[in-house]
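What follows is one structure encoded as structure tokens, with my remarks underneath.
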Amino acid sequence: MNARALELKAVSKSFGNTPIIRGVDLAIPQGERHALIGPNGAGKSTLFNLISGRFPLSEGEILLNGESITGLKPFEINRKGLSRSFQITNIFQRMSVFENLRCAVLWSLGYKYSFWHQLSKLKDANRSAEEVMESIGLKGRRDTPAGVLSYAEQRALEIGITIAGGAEVILLDEPTAGMSRTETADAVDLIRKVSKGKTLVMVEHDMGVVFDLADRISVLVYGEVIASDKPENIRGNKAVQEAYLGAEAEAEAD
Amino acid sequence: MAGIPSKLRYRPLNLARWLIWGLTALVMAVLPQIFTQGFAITLMSQMGVAIVFALSYNMLLGQSGMLSFGHAVYSGLGAYVAVHVLNLAGSGQIWMPVSLLPLVGGLGGAFFGVLFGYVTTKRAGTTFAMITLGIGVLVATCATMFRDFFGGEGGISTDRVIGKPFLGITYGPGVQVYYLIAIWCLVSMALMYAWSHTPLGRIANAVRDNPERAEFIGYNTQRVRWFTLIISAFFAGIAGGLSTINFEIVTAENVGALHSAYVLIATFIGGVGFFFGPIIGAIVFTFFVVALSGYTNAWQFYLGLFFVLMVMYAPGGIASLVMMQVQLIARKRFKRIAPHYLAAGASSLVLLAALILTVEMTYQLSENSANGTLINLFGVHFDAAKALPWAVAIGLWIIGAVFFHLARKRVARVWGEIQTELLQARA
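If you read the protein sequences in the order shown, they are chains A and B. Following our numbering, the numbering of the first sequence begins with 2 at its first residue and continues without gaps. Following our numbering, the numbering of the second sequence begins with 356 at its first residue and continues without gaps.
So this is what it looks like as structure tokens:
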């Protein structure tokens with residue numbers, strides 16, 4: 002078995018007296034594409050916010066490549082090689098597509114807070130930004146302000162910003178939410194391409210996408226992981242069917 | 356407001372850019388040869404100082420989204436540091452050429468930027484604004500308490516003519532001071548422009564647009580704000596050092612709230628969305644303050660009104676208005692709208708006349724009544740207590756308002772037509 006890229010040990014989170022995440026244990030080996038599914042309000046996005054440092058944990062521990070990242074700030078976790086996207090598009094609206102991506106590569110290339118380099122002369126940063134722009138299919142929109150892109154383009158840019166820094170562990174929060182069928186197919190191709198050789202964890206509602214992409218699936222219900230297994234086993238899992246897929250199947254039958 | 360299209364930004368060899376900088380330098384060099392009167396030289400010197408100050412302010416407001424109510428703290432303290440160093444140099448206790456004094460002011464400003472900035476930049480947004488206000492009041496209070504450093508009511512005065520003349524430069528004549536200011540202004544402009552194209556400058560934009568996402572691409576937004584503020588305070592300090600040389604006196608006003616408000620107003624009037632906005636703002640504002648205050652006691656009223664109108668109808672400042680026209684000129688549509696601009700301009704002149712008449716007569720009757728009710732406006736003598744001038748004012752208001760309303764509608768319609776055309780042409 003591969004070394005663990007991400008490990009959650011008894012992670013809990015309460016807002017006030019309301020427990021949202023209740024003792025989640027999860028181990029994701031390096032190079033795995035892992036999907037996190039579960040009904041609305043199960044705590045999937047909250048779990049992402051805990052892993053990426055957006056919210057502090059109430060209890061438990063999170064390890065990135067065997068090293069604890071519990072209590073670190075988002076930028077510290079990012080610097081250790083974990084990058085995330087957001088369910089609600091979270092980009093730099095007034096900047097061009099190219100500027101968005103160039104900002105996203107600066108830290109990883111070591112430019113930090115430099116005020117002695119001229120951006121136009123940073124060959125590596127400009128090249129990386131161009132490459133990411135090419136891979137997310139937004140080359141034709143290079144100088145368009147991000148705020149006026151179409152929804153699907155903004156979602157692609159969201160993924161682009163997430164992967165641009167070269168993080169080894171990538172968290173995608175509902176990357177295909179709100180997309181049409183063809184847009185979703187494009188997004189799946191994109192995700193497969195950009196996550197090659199990396200560890201991917203994603204929250205996703207579209208079961209087609211989940212079973213298409215994931216090596217392993219974890220099911221989160223009321224803040225607990227009730228199953229974590231290969232897709233074919235999840236499909237046959239009784240508890241999962243009851244808690245989640247069942248409801249979905251019923252809805253489809255209507 | 357979307358800023359300069361990024362096409363203009365990423366071009367390794369940009370001829371247009373060199374041309375603009377060259378022209379700017381040329382204009383600055385030639386101006387005092389054309390306007391040789393002492394008044395003009397003083398005015399232009401003050402404009403140069405104001406340009407550096409406003410650009411440093413826009414590093415915070417326009418580029419990093421930090422609304423500061425206390426920026427005069429940095430220029431003012433920089434000026435105080437500079438004045439003390441100049442006095443020490445004047446008495447021969449230390450060696451310091453006057454030409455390099457603005458750098459001393461800059462380092463002074465940056466020092467206090469490190470100190471106060473650490474506190475103010477912990478938070479962004481409204482909290483930042485509030486803390487800067489607090490620091491401003493704090494420093495202004497200190498100015499009345501620590502007399503040795505701040506000089507109390509009278510401030511600290513100095514003499515800029517020290518040491519032996521170097522190549523005939525004594526900084527006695529105003530025009531020599533002008534050139535010193537012009538050189539520092541040009542260098543500061545170039546450096547601040549360069550800063551806006553560095554990793555820190557660009558990430559400051561990112562933090563302005565979306566601080567949360569900036570944290571998730573590896574940046575500590577507190578640090579970004581703090582470092583930006585230190586650099587901004589450095590340039591504010593340079594402006595302070597220049598004003599020390601220019602006025603040969605530094606008082607508590609230099610660190611005061613009014614000074615902080617002025618730089619905000621100047622920057623905003625010029626336009627925060629473009630690099631050159633604050634330059635225009637500083638020039639217009641200084642002209643307002645220095646020229647207008649000589650003509651009328653109500654100059655602050657006009658300034659306030661102008662500011663309010665800009666905030667309401669042209670929040671992008673003069674720079675955005677200019678850029679809108681540049682777009683029309685580039686696409687050869689300006690000729691079509693120009694007559695309507697002319698009509699709107701003429702009717703606003705009528706409104707302006709009505710405003711000036713009303714304000715000046717009111718002032719004469721209230722503030723200035725001890726001197727009688729006779730008034731001299733643009734060479735016309737009349738009695739503000741009589742009914743006729745008031746009737747004229749009312750008439751001007753009505754005529755101006757009607758025509759302005761019509762012209763404004765025309766401008767809006769033609770503008771809309773042109774924009775639709777341009778959109779269709781692009782599609």
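Yeah, the Cβ is synthetic: ideal placement off N, Cα and C, and Gly gets one too. Given the structure is predicted, the values throughout are model-derived calculations rather than measurements.
A straight line joining the alpha-carbon of A:Glu131 with that of A:Ile137 spans about 10 Å. Contact between the region 587 to 596 of chain B and the region 489 to 496 of chain B is absent: fewer than three C-beta pairs spanning the two stretches fall below 8 Å.
Within the DSSP bridge table, the entry for A:Ala228 names A:Val220 as partners. For A:Thr145, same chain residues with a beta-carbon under 8 Å away, outside a window of 5 residues either side, are Ser97, Val98 in chain order. Under DSSP, the beta-bridge partners assigned to A:Pro20 are A:Ser15.
In the displayed model, A:His35 falls within a strand according to three-state DSSP.
The C-beta separation of A:Ile38 from A:Gly224 comes to about 14 Å, leaving the pair out of contact by the 8 Å criterion. In this structure, the beta-carbon distance from A:Leu48 to A:Val25 falls below 8 Å. Fully contained in the region 639 to 675 of chain B is no beta strand (DSSP E) run of length 3 or more.
Taking a beta-carbon distance threshold of 8 Å, B:Ile624 does not count as an interface residue toward chain A.
Per DSSP, the beta-bridge partners of A:Lys10 are A:Glu62.
Cβ contact annotation for B:Val530 (same chain, cutoff 7 Å, sequence separation greater than five): Pro387, Ile396, in chain order. Under the three-state reduction of DSSP output, A:Met96 falls in the coil class, being neither helix nor strand. Chain-order list of chain B residues neighbouring A:Leu107: Pro554, Ile558, by C-beta distance under 7 Å. Considering only B:Leu710, B:Gly727, B:Tyr412, B:Ile730, the residue with the shortest C-alpha distance to B:Gly755 is B:Leu710. Within chain B, the residues placing a beta-carbon under 7 Å from that of A:Leu120 are His552, Thr553, Pro554, Arg557, ordered along the chain.
Out of A:Val241, A:Thr163, A:Ala215, A:Ala36, the CA that lies nearest to the CA of A:Gly82 is found in A:Thr163. Proximity to A:Ala178 across A:Gln94, A:His206, A:Pro40 peaks at A:His206, based on C-alpha coordinates. For the pair B:Pro457 and B:Leu597, the CB atoms are nearer than the 8 Å cut-off. In this structure A:Ser219 is buried. Its beta-carbon is surrounded by 16 or more other beta-carbon atoms within 10 angstroms.
If you look at A:Arg85, you'll find it isn't in any alpha helix (DSSP H); it sits in the beta strand (DSSP E) that goes 83 to 85. Following the DSSP letters along the chain, one finds A:Thr183 in no beta strand (DSSP E) but inside the alpha helix (DSSP H) bounded by residues 182 to 195.
Boundaries of the beta strand (DSSP E) around A:Leu172: 170 to 174. One Cα belongs to B:Ala537, the other to B:Phe467, and the distance between them is close to 25 Å. Take B:Pro566, set aside five residues on each side of it, and the residues of its chain with a beta-carbon closer than 8 Å to its own are Ala479, Thr576, in chain order. B:Val605 and B:Ala498 have their C-alpha atoms roughly 11 Å apart. B:Phe737: member of the beta strand (DSSP E) spanning 735 to 738, first to last residue. Within chain A, the residues placing a beta-carbon under 7 Å from that of B:Tyr574 are Phe76, Trp108, ordered along the chain. One alpha carbon belongs to A:Gly67, the other to B:Met485, and they sit about 43 Å apart. Here DSSP, grouped into helix, strand and coil, assigns B:Phe758 to helix. DSSP places B:Leu729 outside any alpha helix (DSSP H); the residue lies instead in the beta strand (DSSP E), whose first and last residues are 729 to 732. Note: A:Ser53 is not bridge-paired with any residue in the DSSP secondary-structure output.
The beta carbons of B:Phe582 and A:Tyr114 sit closer together than 8 Å. Measuring C-alpha to C-alpha distances from B:Asn601 to each of B:Met402, B:Leu378, B:Ala371 identifies B:Met402 as the nearest. Considering only beta carbons, no part of the region 685 to 712 of chain B lies closer than 7 Å to chain A. A contact is defined here as three or more CB-CB pairs under 8 Å, and the region 621 to 633 of chain B meets this definition with respect to the region 663 to 674 of chain B.
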